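Student: The structure under discussion is supplied below as C-alpha cells; questions concerning it will follow.
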Amino acid sequence: MAIPSCYFHPLPVADVISITDKPIDPNVLRRELFDPAAGAYAGFEGWIRNENEGHSVERLEYEVYEPLAVSEGAKVIAEARAQFAILHAHCVHRTGMLEIGECAVWVGVSSAHRDEAFIACRYIIDQVKVRLPIWKKEHYADGNSGWVNCERCAEHAHPSAVSL
Amino acid sequence: MSKSITVRYFAIFREHAGVDEETVAIEADTAGDVFEQLKNRHGSSEPLGHCKVAINDEMADWNSAVNDGDTVLLFPPVAGG
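First to last, the protein sequences are chains A and B.
Here the first sequence is numbered in our numbering, starting from 4 and rising by one per residue.
Here the second sequence is numbered in our numbering, starting from 644 and rising by one per residue.
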C-alpha cells in the first residue's frame, strides 16, 4: 500500500550535510530520517568537552569553509550510501563559538536493520573529521588559545603559540 | 614565467599571513610549489601530507597544476567534529 511520503517527512528533507551557526537539535533533525521501510536509526552527537590534552577548555571556536565542507560532505554520504544499505543520512556541523556541552556535530542514519545504521553513522563521522575543511580553536581557562592539530606545525614559525 | 595566483588562507594560516587572501606573482608549477614558496606567509613547517589544498573551489592534490589566474586555497590540518 502506497503511503504518501510526506506523512513520514513532517519536515522537509534537508541537504545531506549542512552547516549552521544555530544550536543543533537532534530530536528535530532525526524526524527527517523517518521512513516506512526503516527499522533502525543510529545517531551520533559530538559535544564540546571541557578538557583537551591536559588543558582546561572554556569554549571552542569553529571555522568552516562552507562551499567545500558541503561538497566534500556530500561525497562522504554518497560513499556511505554506496557501501551500506541505508535509507537516509544527514550530517549537521556547527560553525562559530560554542560553549561546553553544546552539540558541535550530529550524524543521523536510518536503515532497514541496525547494523547498516551503526556502521554508516560511524563511517560518516570518521570521514567528516578527517576530510572536511573545518578547524577548531580551543580557548583555554588561562586565556591562551590554540588551533587543534595545528599548533605543533606552527611552533617553528610562531614560537609564541601555546604548545600542546 | 611567473603566474598571478590568488591564495586564500584558513584558520592558523590566515592568522599567520594576517590576511584572508592575497594575489601573488610566483613561479609555480604545482599547488605544492605554491605552498613551499609561501612558507613565510602561512608559517607552516608541517609536512604537505598533513595539509590539504583546493584549486578554484575543487579539492586538489599537491601535484595538481596551477595556472595563471587560479585561486589556491591552503588548508591547515583539519579538525572537524
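Positions of the beta carbon are idealized from the N, C-alpha and C atoms, including for glycine.
In this text the structure is predicted, and so the values were computed from the model without any measurement.
(1) How should residue 136 of chain A be labelled, buried or exposed, when 16 other C-beta atoms within 10 angstroms of its C-beta is the threshold for buried?
(2) Give, in chain order, every unbroken run of the alpha helix (DSSP H) that is at least 4 residues long and sits entirely within the segment 648 to 681 of chain B.
(3) Identify every residue that forms a DSSP beta bridge with residue 99 of chain A.
(4) With 9 Å as the threshold, decide whether the Cβ of residue 716 of chain B is near any Cβ in chain A.
(5) Kindly confirm or deny that the segment 143 to 152 of chain A and the segment 117 to 128 of chain A touch, where touching means at least three C-beta pairs closer than 8 Å.
(6) Would you say residue 32 of chain A faces chain B, with C-beta separation under 9 Å as the test?
(7) Contact criterion: CB-CB distance below 9 Å. Does residue 131 of chain A meet it with respect to chain B?
(8) Any idea which residues DSSP pairs residue 87 of chain A with across the strands?
(9) With burial defined as no fewer than 16 other Cβ atoms inside 10 Å of the residue's Cβ, what is the status of residue 52 of chain A: buried or exposed?
(10) Which value, in whole angstroms, describes the spacing of the CA atoms of residue 681 of chain B and residue 108 of chain A?
(11) Between residue 675 of chain B and chain A, is the shortest Cβ-Cβ distance under 9 Å, so that the two count as touching?
(12) Among A:89, A:61, A:85 and A:20, whose alpha-carbon lies nearest the alpha-carbon of residue 44 of chain A?
(13) Taking 9 Å as the threshold (beta carbon to beta carbon), is residue 724 of chain B in contact with chain C?
(14) Give a yes or no on whether 9 Å exceeds the smallest Cβ distance from residue 700 of chain B to chain A.
(15) Can you find at least 3 beta carbon pairs, one from the segment 33 to 40 of chain A and one from the segment 61 to 74 of chain A, that sit closer than 8 Å?
(16) Verify the CB distance criterion: does residue 107 of chain A have a CB-CB separation below 9 Å to chain B?
(17) Give the residues of chain A in contact with residue 721 of chain B, contact being defined as C-beta atoms less than 9 Å apart.
(18) I want to verify the contact list: residues of chain B whose CB lies under 7 Å from the CB of residue 49 of chain A, in sequence order.
(19) Thinking just about the alpha-carbon of each residue, which of A:50, A:72, A:59 and A:55 is nearest to the one in residue 19 of chain A?
Tutor: Here's the rundown:
(1) buried
(2) 655 to 660 and 674 to 680
(3) A:65
(4) yes
(5) no
(6) no
(7) yes
(8) Residue 87 of chain A is not bridged to any residue.
(9) exposed
(10) 33 Å
(11) no
(12) A:89
(13) Given the protein chain composition of this structure (A and B), no chain C is represented.
(14) yes
(15) no
(16) yes
(17) 132, 133, 134, 135, 136, 137, 138 and 152
(18) 724
(19) A:72
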